[in-house]
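Take the position in the sequence shown, starting the count at 1, then add 61; the result is the number in the working numbering.
Beta carbons are placed, not taken as given, at the ideal position from N, Cα and C, and that holds for glycine.
Okay, so here's the structure we're looking at.
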Amino acid sequence: MGHHHYLTIEQRETLARLIRSQYDTGPRLKTALERLHQLDYGVCIECGKNIEFVRLQDDPAALHCRACARLPVASES
Ligand SMILES: [Zn+2]
Numbered sequence: 062m063g064h065h066h067y068l069t070i071e072q073r074e075t076l077a078r079l080i081r082s083q084y085d086t087g088p089r090l091k092t093a094l095e096r097l098h099q100l101d102y103g104v105c106i107e108c109g110k111n112i113e114f115v116r117l118q119d120d121p122a123a124l125h126c127r128a129c130a131r132l133p134v135a136s137e138s
């Protein structure tokens, strides 16, 4: 907690690969790739909570958690 990123290195590498695989989708993802290893990456800019890893996998450039983005709560499918 605190000094370490809540995402594991492995999780961040997964996201980095994901971003690189769709690198041509624009500057938004390019920025996400740069931010990936900063401590504030994956933290909701509205409520400060950690953004769910599954959400980051859907959108690595997400700046809001599911609740703040007003997305429906994921149903286990
Ligand atoms: Zn939030």
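Under a Cβ-count criterion, where at least 16 other Cβ atoms within 10 Å of its own Cβ denotes burial, should residue i be classed as buried or exposed?
i, result
"Arg-100", "Sequence inspection shows Leu at residue 100; the Arg mentioned does not correspond to that position. Result: exposed."
"Arg-116", "buried"
"Ile-112", "buried"
"Ala-93", "buried"
"Cys-126", "buried"
"Ile-80", "buried"
"Met-62", "The predicted position of Met-62 is uncertain, since its pLDDT is 46 and thus under 50; a value taken from the coordinates is nonetheless stated next. Result: exposed."
Starting from the Cα of residue i, find the closest Cα among the options and give me that residue.
i, options, result
"Val-35", "Arg-81, Ala-122, Glu-74", "Outside the shown range of the chain (62 to 138) lies residue 35, about which nothing can therefore be said."
"Ala-130", "Gln-118, Ile-106, Phe-114", "Ile-106"
"Ala-82", "Asp-119, Tyr-67, Pro-133", "In the sequence under discussion, the amino acid at residue 82 is Ser, which differs from the Ala named in the question. Nearest C-alpha to Ser-82: Asp-119."
"Ile-70", "Lys-91, Pro-88, Phe-114, Cys-108", "Phe-114"
"His-65", "Leu-124, Leu-90, Arg-89, His-98", "His-98"
Does the beta carbon of residue i fall short of 7 Å from some heavy atom of ligand 2?
i, result
"Ala-128", "For the structure depicted, ligand 2 is absent and the ligand set comprises only ligand 1."
- Specify which residues have a beta carbon nearer than 6 Å to any heavy atom of ligand 1, listing them in chain order. Taking each Cβ in turn, the ones that pass are Cys-105, Glu-107, Cys-108, Lys-110, His-125, Cys-126, Ala-128, Cys-129.
- Message: List, from N- to C-terminal side, the alpha helix (DSSP H) runs of 4 residues or more that fit wholly inside the segment 104-130.
- Response: Within the segment 104-130, the complete alpha helix (DSSP H) runs of at least 4 residues are 114-119.
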